Amino acid sequence: MSIDPSLIRILTVDDHPLLRKGIAALVNTEDDMKLVAEASSGEEAIEKFRACRPDVTLMDIQLPGLNGIESLSQIQREFPDAKVIVLTTYSGDIQVVRAIKAGARGYLLKRQVHRELLETIRAVHAGQRRIPQEIAVELVDHPRDDLTPREIDVLRLIAGGNANKEIADLLSIGEASVKSYVANILSKLDAKDRAHAVTIGLKRGIIEL
Numbered sequence: 001m002s003i004d005p006s007l008i009r010i011l012t013v014d015d016h017p018l019l020r021k022g023i024a025a026l027v028n029t030e031d032d033m034k035l036v037a038e039a040s041s042g043e044e045a046i047e048k049f050r051a052c053r054p055d056v057t058l059m060d061i062q063l064p065g066l067n068g069i070e071s072l073s074q075i076q077r078e079f080p081d082a083k084v085i086v087l088t089t090y091s092g093d094i095q096v097v098r099a100i101k102a103g104a105r106g107y108l109l110k111r112q113v114h115r116e117l118l119e120t121i122r123a124v125h126a127g128q129r130r131i132p133q134e135i136a137v138e139l140v141d142h143p144r145d146d147l148t149p150r151e152i153d154v155l156r157l158i159a160g161g162n163a164n165k166e167i168a169d170l171l172s173i174g175e176a177s178v179k180s181y182v183a184n185i186l187s188k189l190d191a192k193d194r195a196h197a198v199t200i201g202l203k204r205g206i207i208e209l
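Quick note on full-length UniProt numbering: the sequence shown kicks off at 1 and runs consecutively.
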């Protein structure tokens with residue numbers, strides 16, 4: 001059956017069937033949009049996008065295989081005009097920056113789906129960009145404190161319960177270098193101690209457990 005070309009054609013990508021079902025129920029009751037495909041992994045998302053060429057894609061970040069940001073990046077390389085809205089449980093500003101750099105046109109927390117999804121789909125389809133107010137505030141609050149890749153490695157190992165000497169051995173660097181990295185991390189994140197730095201890193205999406 002052919003689909004009315006005036007409808008906003010939507011692909012949803014999430015590894016949780018219940019969420020996909022909920023989105024389908026929301027979308028398919030609207031007169032101006034239609035869910036045309038679903039995917040449960042990053043690789044499947046890319047295949048379904050190529051096959052369906054949806055007007056708007058709803059993409060989860062946490063996916064088996066390729067994650068949402070990697071999948072988004074690949075889709076954008078092949079289809080620069082793709083309109084993708086990232087749906088996630090993560091409000092961390094680092095995740096937002098990564099998604100935007102990868103080409104996302106919108107960013108929506110899953111707890112906001114029932115309230116804001118339909119409006120966000122229409123806005124992005126119309127060429128607008130959408131980021132929730134609370135996330136925009138986070139971006140303003142942390143404009144220039146990005147950790148370097150090595151500092152992220154150190155923070156991830158701290159989160160894993162490793163002491164400085166263990167981190168030095170794992171990264172094949174001197175213990176003095178580790179202490180310097182830890183000091184930089186605490187300063188950049190405005191953290192009181194190592195545990196606080198891990199908490200901030202997890203909240204902002206800098207690291208994941």
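All C-beta atoms, glycine included, are put in the ideal place defined by N, C-alpha and C. Small disclaimer: the values here were computed from a predicted structure and weren't measured.
> In this structure, what does DSSP give as the bridge partners for Ala39?
Replying inline: Reading the sequence shown from its first residue, position 39 is the one you call residue 39. Partner residues in the beta bridge of Ala39, as assigned by DSSP, are Val13.
>> Any heavy atom of the ligand NAP inside 6 Å of the beta-carbon of Leu63?
In response: As far as ligands go, the structure on display features none, and thus does not contain the ligand NAP.
> Going by the CB atoms, is the gap between Met59 and Val13 shorter than 7 Å?
Replying inline: In the sequence shown, residue 13 corresponds to position 13, counting from 1. In the sequence shown, residue 59 corresponds to position 59, counting from 1. Cβ atoms of Val13 and Met59: closer than 7 Å.
>> Can you tell me whether Ile131 is helix, strand or coil according to DSSP?
In response: As a first step, residue 131 is located in the sequence shown; it is residue number 131 there, counting from the start. Per DSSP, reduced to three states, the secondary structure at Ile131 is coil, with no helix or strand assignment.
>> For Leu186, report the span of its alpha helix (DSSP H) as first-last.
In response: As a working note, residue 186 is residue 186 in the sequence shown. Secondary structure note for Leu186: its alpha helix (DSSP H) is the uninterrupted segment Glu175 to Leu189.
> Residue range of the alpha helix (DSSP H) that Ile152 falls in?
Replying inline: In the sequence shown, counting from the first residue as 1, residue 152 sits at position 152. Taken as a continuous stretch (DSSP letters only), the alpha helix (DSSP H) holding Ile152 covers Pro149 to Ala159.
> According to the Cβ coordinates, are residue 210 and Leu11 closer than 7 Å?
Replying inline: Nothing can be reported for residue 210: it is not among the residues displayed for the chain, which extend from 1 to 209.
> Tell me the DSSP bridge mates of Asp31?
Replying inline: Counting from 1 along the sequence shown, the entry for residue 31 is found at position 31. In DSSP, Asp31 forms no bridge with anything.
> Over what stretch of residues does the beta strand (DSSP E) that includes Ile85 continue unbroken?
Replying inline: Translated into positions along the sequence shown, residue 85 becomes position 85. Where Ile85 is concerned, the enclosing beta strand (DSSP E) starts and stops at Val84 to Thr88.
> Between Gly174, Ala176, Gly205 and His16, which lies nearest to Leu189 when the distance is taken from Cα to Cα?
Replying inline: Counted from its first residue, the sequence shown places residue 189 at position 189. Ranking the options by Cα distance to Leu189, first place goes to Gly205.
> Going by beta carbon distance, what residues of the same chain come within less than 6 Å of Glu38, once the five residues before and after it are set aside?
Replying inline: Counted from its first residue, the sequence shown places residue 38 at position 38. Only residues of its own chain outside the window of five on either side were considered, and among them Thr12 and Arg20 have a CB closer than 6 Å to the CB of Glu38, listed in chain order.
>> Out of Ser40, Glu44 and Asp32, which one is the CA nearest neighbour of Asp4?
In response: Residue mapping note: residue 4 aligns to position 4 of the sequence shown, counting from 1. The candidate whose alpha carbon is nearest that of Asp4 is Asp32.
>> Whole angstroms are fine: how far does the CA of Gly22 sit from the CA of Met1?
In response: Mapped onto the sequence shown, residue 1 falls at position 1. Mapped onto the sequence shown, residue 22 falls at position 22. In this prediction, Met1 scores a pLDDT of 48, lower than 50, which makes its location untrustworthy; no coordinate-derived value is stated.
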